[in-house]
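Quick note on my numbering: the sequence shown kicks off at 574 and runs consecutively. Glycine residues also receive a C-beta, built at the ideal position from the N, C-alpha and C atoms.
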Amino acid sequence: MDIIKFNKFIGILKTIERTGWVRNNIPHPESVAEHSFRTGILAMLLAKEMNVDPLKSIKMALIHDIGESIIGDIVTERAGTKISENLAQSKKEKESRAIKRIFSSLSKEGEEYIKLFDEFEEDRTPEARFVKQLDKLEMAIQAYEYESKYGLDLEEFYTTARTRIKDKKLVAILNELEKMRNKR
């Protein structure tokens, strides 16, 4: 297991700014690592209530964007609509190759994480569906924070969150966030 080689990829994630925020001219936008961290914290806090495996959900949340350390943060949708099916498919293929490369540095231990990433991408388990929704919930929370701090309108991020978040409990959290947004 090559922890140092693996952690170089994690270090890169700390420097990659999230493209959606860059596109909206957010000063010093969050990194991919910061997004993944808060998504992991949300999984930690909400997994039991959502009746999903907490450890599996946390792991999935922490690794869901790790391939971006190689391919970058490629935006494939805006306001809940895919920009291009070809772009989405290309990103999926590139990210899958990147995940295999990154986790191969962990030898046998990396196989678990490759399978976990594939499970997330294929949206085939309750944990995958949960973490995919958390990914969008975290984005909406970040949009709220940027709107509050910079006086912006980042509606497109809420639109995307609304189209992707389906679980009643997570919808309730998003609705509460939007109530707070409307009170400003």
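Are residue i and residue j close, meaning C-beta to C-beta below 7 Å?
| i | j | result |
| --- | --- | --- |
| serine 630 | glutamate 700 | yes |
| alanine 620 | valine 704 | no |
| glutamate 641 | valine 605 | yes |
| isoleucine 647 | lysine 665 | no |
| leucine 710 | leucine 660 | no |
State the CB to CB distance for the pair residue i and residue j, rounded to an integer number of angstroms; the pair is presumed to be in contact (CB under 8 Å).
| i | j | result |
| --- | --- | --- |
| isoleucine 589 | tyrosine 723 | Not a contact, Cβ separation roughly 21 Å. |
| aspartate 638 | histidine 608 | 7 Å |
| isoleucine 644 | lysine 673 | With 8 Å as the limit, isoleucine 644 and lysine 673 do not qualify as a contact, their Cβ atoms being about 12 Å apart. |
| methionine 623 | aspartate 740 | 7 Å |
Between residue i and the rest of its own chain, which residues show a CB-CB distance below 6 Å, the 5 nearest in sequence each way excluded?
| i | result |
| --- | --- |
| aspartate 708 | Thr612 |
Can you tell me whether residue i is buried or exposed, with buried defined as 16 or more other CB within 10 angstroms of its CB?
| i | result |
| --- | --- |
| leucine 628 | exposed |
| isoleucine 675 | buried |
| threonine 733 | buried |
| leucine 747 | buried |
| isoleucine 738 | buried |
| glutamate 749 | exposed |
| glutamate 603 | buried |
| alanine 745 | exposed |
| lysine 632 | buried |
Going by CA-CA distance only, name the one from the options that's closest to residue i.
| i | options | result |
| --- | --- | --- |
| asparagine 580 | Phe690, Leu679, Glu751, Lys741 | Leu679 |
| glutamate 728 | Ile577, Gly593, Gly584, Ile585 | Gly593 |
| leucine 689 | Met753, Asp626, Asn748 | Asp626 |
| methionine 712 | Arg591, Gly683, Ser663 | Arg591 |
| histidine 601 | Ile614, Lys587, Phe610 | Lys587 |
| phenylalanine 582 | Ile636, Asn748, Glu650, Ile614 | Ile636 |
| asparagine 755 | Tyr731, Leu743, Asp740, Lys739 | Tyr731 |
| arginine 670 | Glu751, Glu658, Ile687, Ser657 | Ile687 |
| glutamate 694 | Met753, Glu682, Gln662, Ile714 | Gln662 |
| arginine 651 | Lys681, Phe610, Met753, Asn597 | Asn597 |
| isoleucine 714 | Ile585, Glu751, Gly584, Glu658 | Glu751 |
Counting only the same chain and skipping the five closest in sequence on each side, list residues whose C-beta sits under 7 Å from that of residue i.
| i | result |
| --- | --- |
| aspartate 696 | Arg702, Lys705 |
| glutamate 692 | Thr698, Ala701 |
Spatial neighbours of residue i within its chain, please: C-beta separation below 8 Å, excluding the five flanking residues on both sides.
| i | result |
| --- | --- |
| glutamate 684 | Phe676 |
| leucine 615 | Ala634, Leu707, Leu710, Glu711 |
| serine 721 | Arg757 |
| phenylalanine 610 | Leu635 |
At the 7 Å Cβ level, is residue i part of the contact set with chain D, yes or no?
| i | result |
| --- | --- |
| aspartate 646 | Protein chains in the displayed structure number just one, and chain D is not present. |
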